[in-house]
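Residue numbers (UniProt numbering): 1 to 299.
All C-beta atoms, glycine included, are put in the ideal place defined by N, C-alpha and C.
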Amino acid sequence: MTSTNAIVVGVDGSPDSSVALDWAIAEARLRGAPLYAVYGLWMPVAAVPFGGVAVLPPPDELRAYSEEVLDKARQRVKDAAPELEMDTFLILRTPTAAILEIGGDAGLIVVGTRGLSGLGALALGSVSGRVAAHAKTPVVVVPGHRVEDDGSIVVGVDGSAHGDAALRFALREADRRSAAVVAVGAFNTQSVPMPIFDADGIAKATALERRHTEAIVAEAVARARAATRSAAHVTVRAEAGYPADVITGAGRNAALIVVGSRGRGELRSMLLGSTSHAVLHHATRPVAVVHVQEMSSHG
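Right under this line is the structure:
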């Protein structure tokens, strides 16, 4: 059974998964957590008489390749962090299903933005997109390039339960890293119920909406501090624009961007809301996606 504080990382031998593995190693060291590398080996199926299907065993070449990928992951961990507890899993399921199976009770799941499937980053149906949507555990999607960052953690806040869960995750992560947090909310002046005919009116409406949004963010920060007892320094920001644009803009130099899986007003049936999906698609930094139910036991 997977340890409830373990870091689970999907690997497939691609450059992106190698970067994700390195990120997962660093995170496991921060948390003092075990690290599990997972390879999902998809099983082809064939039709059989009377309408059934048969699952075919994987070709020897594919099994050998997957075992080689896991062996290399094990060696990479041994070289970088020999003190870590580490295990590997070869699961005869799709990569998404394999990662969700092993990561269901883990502390964190880590995946690269794209693998060897040929799908673009966060394309509809990609492993990273599906894992981020369906996991109950927090998921970090790591881009396939290494860039310098300012060490900060940027979190999108909108006053919703999912936004609050993201903020609690961000504060706990900041405490581990001794990092500063930027809690950012987005607004648009069109929501102000007043006619605007001139520049002065627009400026007043913008200032009013900014203060209102800052208050929402500040209240959320207070709730999160009470829940986590975090000592992290938090800067409250409110910016005009679409939420995804505001969050990715604020996080352009961050070490980590954190979003809730859904935002205020988005349908409960949506596994991954429009804002979180857009941030995943456009951000050039690692992005953590947090679901509400996760935060009772994860983070």
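Quick check on the DSSP output: what are the complete alpha helix (DSSP H) runs of length 4 or more inside the UniProt domain "UspA" (153-291), in order along the chain? Correct list: 161-177, 199-228, 243-250, 274-282.
Between ILE216 and GLY156, is the Cβ-Cβ spacing less than 8 Å? Residue mapping note: residue 216 aligns to position 216 of the sequence shown, counting from 1. Residue mapping note: residue 156 aligns to position 156 of the sequence shown, counting from 1. No. Outside cutoff.
Can you give me the Cβ contacts of ARG146 inside the same chain, cut-off strictly under 7 Å, excluding the 5 residues immediately before and after it? Working through the sequence shown from its first residue, we reach residue 146 at position 146. Excluding sequence neighbours, ARG146 sits near VAL19.
Under a three-way DSSP split, which group does VAL147 fall into? For the purposes of this step, residue 147 is taken as the residue at position 147 of the sequence shown. Of the three classes helix, strand and coil, the one that applies to VAL147 here is coil, per DSSP.
Nearest residue (CA-CA) to MET182, options ALA161, ALA220, GLY201: The count along the sequence shown starts at 1 and reaches residue 182 at position 182. Here residue 182 is Val; the residue named in the question, Met, does not match the sequence. From the listed residues ALA161, ALA220, GLY201, the smallest Cα separation to VAL182 is found for ALA220.
Let me make sure I understand the geometry here. Which of ARG63, TYR39, VAL111, ARG237 has the alpha-carbon closest to that of GLU27? For the purposes of this step, residue 27 is taken as the residue at position 27 of the sequence shown. Out of ARG63, TYR39, VAL111, ARG237, VAL111 has the C-alpha closest to the C-alpha of GLU27.
Nearest-angstrom Cα distance between ILE102 and SER261? Within the sequence shown, the letter at position 102 stands for residue 102. Within the sequence shown, the letter at position 261 stands for residue 261. Cα atoms of ILE102 and SER261: separation of roughly 20 Å, rounded to the nearest angstrom.
7 Å Cβ shell around LEU62 - same chain, five flanking residues per side excluded: Translated into the one-based positions of the sequence shown, residue 62 becomes position 62. If we look at LEU62 and ignore the five residues flanking it on each side, its Cβ neighbours are LEU41.
For LEU90, which of ILE109, VAL127, GLN75, TYR65 has the nearest alpha-carbon? Mapped onto the sequence shown, residue 90 falls at position 90. When only C-alpha atoms are compared, the closest one is TYR65.
Local conformation of ALA123 per DSSP, three classes: The sequence position of residue 123 within the sequence shown is 123, counting from 1. For ALA123, the pLDDT reaches just 46, beneath the cut-off of 50, and the residue's location in the model is therefore unreliable, although a value from the coordinates is still provided. Coil, per DSSP.
Compute the beta-carbon to beta-carbon distance between ILE153 and ALA238, rounded to the nearest angstrom, for a pair I have assumed lies under 8 Å. Start at 1 with the first residue of the sequence shown, and residue 153 comes out as number 153. Start at 1 with the first residue of the sequence shown, and residue 238 comes out as number 238. With 8 Å as the limit, ILE153 and ALA238 do not qualify as a contact, their Cβ atoms being about 18 Å apart.
Straight-line Cα distance separating ASP150 from LYS204: Reading the sequence shown from its first residue, position 204 is the one you call residue 204. Reading the sequence shown from its first residue, position 150 is the one you call residue 150. Using only the alpha carbons, I get a separation of about 33 Å.
For LEU35, three-class secondary structure by DSSP: The residue given as residue 35 occupies position 35 in the sequence shown. In the structure shown, LEU35 sits in a strand (DSSP, three-state: E or B).
What residue from THR4, VAL259, ARG225 has the CA that sits closest to ALA132's CA? Mapped onto the sequence shown, residue 132 falls at position 132. If we check each option's Cα against that of ALA132, VAL259 comes out closest.
Are ALA179 and ALA232 closer than 8 Å when you measure CB to CB? If you number the sequence shown from 1, residue 179 lands on position 179. If you number the sequence shown from 1, residue 232 lands on position 232. Yes.
Could you give the distance in angstroms between the alpha-carbon of LEU108 and the alpha-carbon of ASP60? The count along the sequence shown starts at 1 and reaches residue 108 at position 108. The count along the sequence shown starts at 1 and reaches residue 60 at position 60. In a straight line, the C-alpha of LEU108 is about 32 Å away from that of ASP60.
Nearest-angstrom Cα separation, counted from THR137 out to ALA244: In the sequence shown, the residue the question calls residue 244 occupies position 244. In the sequence shown, the residue the question calls residue 137 occupies position 137. Straight across, the Cα-Cα distance linking ALA244 with THR137 is about 22 Å.
May I have the straight-line CA-CA distance separating LEU171 from VAL287, to the nearest angstrom? Here residue 171 refers to the residue found at position 171 when the sequence shown is read from its first residue. Here residue 287 refers to the residue found at position 287 when the sequence shown is read from its first residue. Between the alpha carbons of LEU171 and VAL287 lies a gap of roughly 15 Å.
Among ALA240, ALA250, VAL184, GLU209, whose alpha-carbon lies nearest the alpha-carbon of ALA218? Taking the sequence shown and counting its residues from 1, one reaches residue 218 at position 218. The residue with the shortest Cα to Cα distance from ALA218 is VAL184.
Please classify LEU30 as buried or exposed, where buried requires at least 16 other C-beta atoms within 10 Å of its C-beta. For the purposes of this step, residue 30 is taken as residue 30 along the sequence shown, with counting starting at 1. Looking at its Cβ environment, which holds fewer than 16 other Cβ atoms inside 10 Å, LEU30 is exposed.
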